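Just so you know, the protein sequences line up as chains A and B, in that order.
Oh and the first sequence: position 367 is 367 in the working numbering, straight run, nothing missing.
Oh and the second sequence: position 36 is 699 in the working numbering, straight run, nothing missing.
Even glycine gets a Cβ: it sits at the ideal position worked out from N, Cα and C.
It should be emphasised that the depicted structure is a prediction, and the values quoted were computed from it without experimental measurement.
Everything on this sheet refers to the single structure shown next.
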Amino acid sequence: MKSYSGKILFVNLTTGEIKDELIPDYVYQNLLSGVGLGAYVLYNRVPAGADPLGPENILGFVSGLLTGTPSFVTGRWMVVCKSPLTGGWGDSNCGGTFSPAIKQCGYDGIFFSGISKKPVYLFVDNKGAELRPAAHIWGKDAIESEKILIAENTKKKKPAVAVIGTAAEKLSLISGICNDGGRIAARSGGGAVMGSKNLKAVVLAGTKVIGCEDPATMKEISKGFANTIRKVNIPKAVPGAALGLLGKIMGSMKKTAPMDGMLVALLMKRWGTVSNNTMGVTSGDSPLKNWKGSVKDYNYSYYKNFNADRFTRIETKKYHCYSCLIGCGGVVDIKNQSNGEFTHTHKPEYETALAFGGLVMNKDFDSVLYINEIMNRAGMDTISAGGTVAFAIECYEHGIITKEMTGGLELTWGNAPAIIALLKMMIAREGIGDLLADGTKVAVKKLGPESQQYAVHAGGQEPGMHDSRMDPFLAVHYSADPTPGRHTIGSGQYYDLLHLWEKVSWAPNPGFYSKADEFIPSEKLALKTVAISCYKELTDGVGGCLFAMVTGINHWKLFEWVNAATGWNKTPDELMEIGKNIQTLRQLFNIKQGVDPMSFKMSPRMAGEPPLQEGPNKGKTVPIEEMMRLHWKAYGWDEKTGAPTQECIENLRQKQLIVAEAV
Amino acid sequence: MSEKGVAHFDYSLCVACGICVQACPFGCLELTKTGIDVLRNAYPELQPDSACTGCGLCAKACPVDCIIIHP
Chain A
1 MKSYSGKILF VNLTTGEIKD ELIPDYVYQN LLSGVGLGAY VLYNRVPAGA
51 DPLGPENILG FVSGLLTGTP SFVTGRWMVV CKSPLTGGWG DSNCGGTFSP
101 AIKQCGYDGI FFSGISKKPV YLFVDNKGAE LRPAAHIWGK DAIESEKILI
151 AENTKKKKPA VAVIGTAAEK LSLISGICND GGRIAARSGG GAVMGSKNLK
201 AVVLAGTKVI GCEDPATMKE ISKGFANTIR KVNIPKAVPG AALGLLGKIM
251 GSMKKTAPMD GMLVALLMKR WGTVSNNTMG VTSGDSPLKN WKGSVKDYNY
301 SYYKNFNADR FTRIETKKYH CYSCLIGCGG VVDIKNQSNG EFTHTHKPEY
351 ETALAFGGLV MNKDFDSVLY INEIMNRAGM DTISAGGTVA FAIECYEHGI
401 ITKEMTGGLE LTWGNAPAII ALLKMMIARE GIGDLLADGT KVAVKKLGPE
451 SQQYAVHAGG QEPGMHDSRM DPFLAVHYSA DPTPGRHTIG SGQYYDLLHL
501 WEKVSWAPNP GFYSKADEFI PSEKLALKTV AISCYKELTD GVGGCLFAMV
551 TGINHWKLFE WVNAATGWNK TPDELMEIGK NIQTLRQLFN IKQGVDPMSF
601 KMSPRMAGEP PLQEGPNKGK TVPIEEMMRL HWKAYGWDEK TGAPTQECIE
651 NLRQKQLIVA EAV
Chain B
664 MSEKGVAHFD YSLCVACGIC VQACPFGCLE LTKTGIDVLR NAYPELQPDS
714 ACTGCGLCAK ACPVDCIIIH P
């Protein structure tokens, strides 16, 4: 029994038709499941020029090839769609319990086309699927709606629920889709697509058994990983304050070498992603003051407030996503921070803490906890929202946004009450909030070209909180990937931690190298950026988590697990080819939709144009265009246009991944 | 209690991944057991009013074989 069912559920929300469809085995053999399956369905079915918020767009929820098997950290679900934010391929992923629930209903993915006349939710269990009215939860936030749907639909076992909040109902292009009490697949604007379809939620109550070909081998691999993870612990005596110092050392290093990825697991187990709150600032990884500042501006008096220990001190328990043994998440008590409005929230991720900390020059710890909860409930992406607020503050600083326009808000750096008020206006689309609710690119169109210089994005998507002037690999992935602005696609640090070169014949071994070399475009560097992005697509194909991925291929054994789960006997090189297939299909989706890949080139500030005058990234400039071209060339795509060549297209056609009439 | 028994956990092996919780078709397990480690991880346990049939699906799903079905 393989780890995939070979079946998807397809729902036409316009007609109400619900049907099962069989997916041929060669699709899994060449694209895995997850994001690869999504790319197969969407590339072949979303017509060129489809309105992302119209009936022709398809929204898919896909599970991973390894989800539900006895493997670890392989339980992420992915949303796929044509992104209203970028106009091209959109995907986003999230932990929680929704991914195994898709497979327990007997499917590898659930897809929606059309638009429902009235708000509905989809209910699926072992007996079948049906659309049900959702008027009673329309207008409620994601957490409240999830509670209601669980109460209504629990028989023996609690169902898993993916749901949108009010931001997506109002079609905010920076809205996402939530599960498990506010964990969110935030990127690409998938929430707006769901909202446009009048689809409030998907409720899954199946209990079917998920199989795999060789459970004994899978468990053997898993036990090895578990034994290692159990042993890695940072002594309690080491304080969170040490992380700032560690960052300072890392930021000043001129040379580096690959390390063991278990270092990441150490930090994640103890603190979670907030371990980067201070380390990122001092090392130069964190973009500050809308990417124009440095640690000289956002100095110790600011960043000390976000010491990771402050978060763990109010953590009542750890939160593990389904199948995770690391447990980077947590539940934190925020009764005091919210004046009793909320009892608890998921521990804010680093991305959120920085987006509403350093990026907007805020030093108010309590405000970040409060913002985290209101954003989770509204279902709005904190990365894009933080980037948009930072943009708005700089526009205010330069008189492009006035006090009259903000309704009296003093939109200055670090003014936490004003930032909270502005976010509430964005969620509700009230006043200036309506202008900002779709991210910076749309806001520039409304505010005028003089605001362009303050908009930091790539192809319409605000970047993750990781500075491409510190790690030029990030610049390549922010700009040259089919989903621009995404820090999760690849970085130099990920590459070094992965140790791909130990199993993949063409992945270069970095050895001991100078960090300055990463700023010099070369074919070797391009091979690395291709390798990391191919491997990330495999990770998204199996439902894997980035933090497990970066422990490295000798710990989190994706290649071995895939073969044991499916009975295949593919070599690492052959599996990496699958990653390349997925990337090529995603890029072809963009070409089909009329996207010029070069138009995704990130904002000049992100490339150090002009260079920073202070801090760890002082004077650094990334020759981004040349790096993009070399990256595309190494993929076998046209280096000038970024479009996959005819040879690449023919390769996918021969594998029957492209249906003739879809091109 | 079923003749086969119910799920018992070896917490020295369990890693709190929750795979068993999801695998149980009857909703018998929840991640509610705390106090096992200093990191405040929440481990799975049979809920007091659960209807565990001893079917063993949780044990089969567990990647580290930390669940045993016995009376």
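Run the CB neighbour count on residue i, radius 10 Å, all protein chains shown included, and call it buried at 16 or more, exposed below.
i, result
"M259 (chain A)", "exposed"
"G16 (chain A)", "exposed"
"R313 (chain A)", "exposed"
"Y516 (chain A)", "Looking at the sequence provided, one finds Ala at residue 516 (chain A) rather than Tyr. Exposed: under 16 other Cβ atoms inside 10 Å."
"H733 (chain B)", "exposed"
"D712 (chain B)", "exposed"
"F512 (chain A)", "exposed"
"M375 (chain A)", "buried"
"L22 (chain A)", "exposed"
"P726 (chain B)", "buried"
"Y298 (chain A)", "buried"
"S252 (chain A)", "exposed"
"E450 (chain A)", "exposed"
"A548 (chain A)", "buried"
"D51 (chain A)", "exposed"
Would you grab the beta carbon distance between residue i and residue j for me? Rounded to a whole angstrom, and I think it's under 8 angstroms.
i, j, result
"G176 (chain A)", "A162 (chain A)", "Rounded, the Cβ-Cβ distance is 10 angstroms, inconsistent with contact."
"K2 (chain A)", "F10 (chain A)", "Contact flag wrong, Cβ pair sits at about 21 angstroms."
"F112 (chain A)", "L42 (chain A)", "The Cβ separation is near 12 angstroms, so there is no contact."
"W556 (chain A)", "V562 (chain A)", "Actually they do not touch by this definition, with Cβ atoms about 12 angstroms apart."
"L422 (chain A)", "V389 (chain A)", "6 angstroms"
"K601 (chain A)", "E625 (chain A)", "7 angstroms"
"I221 (chain A)", "K269 (chain A)", "Incorrect: roughly 20 angstroms between the Cβ atoms, too far for contact."
"I432 (chain A)", "G407 (chain A)", "7 angstroms"
"E349 (chain A)", "T273 (chain A)", "5 angstroms"
"C534 (chain A)", "K580 (chain A)", "5 angstroms"
"E351 (chain A)", "T382 (chain A)", "6 angstroms"
"C683 (chain B)", "A714 (chain B)", "With 8 angstroms as the limit, C683 (chain B) and A714 (chain B) do not qualify as a contact, their Cβ atoms being about 16 angstroms apart."
"A142 (chain A)", "G379 (chain A)", "5 angstroms"
"P666 (chain A)", "T86 (chain A)", "No answer is possible for residue 666 (chain A): the residues shown for chain A start at 1 and end at 663."
"N362 (chain A)", "A416 (chain A)", "5 angstroms"
"G190 (chain A)", "I174 (chain A)", "About 11 angstroms separates the two Cβ atoms, so there is no contact after all."
Check whether the Cβ of residue i lies closer than 8 angstroms to any heavy atom of the ligand GTP, and answer yes or no.
i, result
"T67 (chain A)", "In the structure shown, the ligand GTP is absent, as is every other ligand, since no ligand is present at all."
Near residue i, which residues of its chain fall below 6 angstroms by C-beta distance, leaving aside the five closest residues on each side in sequence?
i, result
"A679 (chain B)", "N704, Y706"
"Q34 (chain A)", "First, the residue type needs correcting, since residue 34 (chain A) is Gly and not Gln in the sequence shown. The answer, listed in chain order, is V62, G64, M78, D540, G541, G543."
"M250 (chain A)", "S283"
"C648 (chain A)", "T584, G636"
"M627 (chain A)", "V476, P521"
"F123 (chain A)", "E130, R132, V203"
"A526 (chain A)", "L630, H631, A634"
"E410 (chain A)", "A418"
What are the partner residues of residue i, as DSSP defines its beta bridges?
i, result
"A129 (chain A)", "A:V124"
"K7 (chain A)", "A:L22"
"Q461 (chain A)", "A:A458"
"N93 (chain A)", "A:M78"
"C324 (chain A)", "In the DSSP output, where bridge partners are listed per residue, C324 (chain A) has none listed."
"G665 (chain A)", "In the structure as shown, chain A starts at 1 and stops at 663, and residue 665 (chain A) therefore has no counterpart that could be examined."
"L694 (chain B)", "B:P707"
Output needed for residue i: all residues of its chain with C-beta closer than 7 angstroms, excluding positions within five of it in sequence on either side, in chain order.
i, result
"M194 (chain A)", "L59, I164, A168, I177"
"S505 (chain A)", "D573"
"V530 (chain A)", "H631, A634, Y635"
"I150 (chain A)", "K158, P159, V161"
"S196 (chain A)", "L53, I115, L171"
"I371 (chain A)", "F356, I420, L423"
"T228 (chain A)", "M262, H555"
"V264 (chain A)", "L497, F547, V550, T551"
With a cut-off of 9 angstroms, does the C-beta of residue i fall near any C-beta of chain C?
i, result
"I682 (chain B)", "Absent from the structure: chain C. Protein chains present are A and B."
Just to confirm my understanding: we take residue i, look at its own chain, exclude 5 residues before and 5 after, and list those with CB closer than 8 angstroms. What are they?
i, result
"P24 (chain A)", "G6, Q656"
Does the count of Cβ pairs from the region 397-406 of chain A and the region 118-136 of chain A closer than 8 angstroms reach three?
Touching, no, given that fewer than three Cβ pairs across the two stretches are closer than 8 angstroms.
Any contact of the region 572-584 of chain A with the region 229-239 of chain A, i.e. 3+ C-beta pairs under 8 angstroms?
Flag = no, the region 572-584 of chain A and the region 229-239 of chain A do not touch.
Could you check whether the region 321-334 of chain A touches the region 344-352 of chain A, counting it as contact only if at least three pairs of C-beta atoms, one from each stretch, sit closer than 8 angstroms?
Enough Cβ pairs lie closer than 8 angstroms, so yes.
Should the region 597-613 of chain A be regarded as contacting the region 476-486 of chain A, the criterion being three or more beta carbon pairs within less than 8 angstroms?
Contact between the region 597-613 of chain A and the region 476-486 of chain A is present: 3 or more CB-CB pairs across the two stretches fall below 8 angstroms.
The region 320-329 of chain A contacting the region 293-306 of chain A, beta-carbon criterion three pairs below 8 angstroms
Taking a cut-off of 8 angstroms on C-beta distances, the region 320-329 of chain A does not touch the region 293-306 of chain A, as fewer than three cross pairs fall below it.
Under 8 angstroms: do the region 199-219 of chain A and the region 91-109 of chain A share three or more Cβ pairs, one atom per stretch?
Flag = yes, the region 199-219 of chain A and the region 91-109 of chain A touch.
Tell me, please, whether the region 122-132 of chain A touches the region 211-225 of chain A by the rule of three or more beta-carbon pairs shorter than 8 angstroms.
The region 122-132 of chain A makes no contact with the region 211-225 of chain A; the number of CB pairs closer than 8 angstroms stays below 3.
Please determine if the region 350-362 of chain A and the region 713-730 of chain B are in contact, where contact requires at least 3 C-beta pairs separated by less than 8 angstroms.
Below 8 angstroms, too few C-beta pairs join the region 350-362 of chain A and the region 713-730 of chain B to call them touching: fewer than three.
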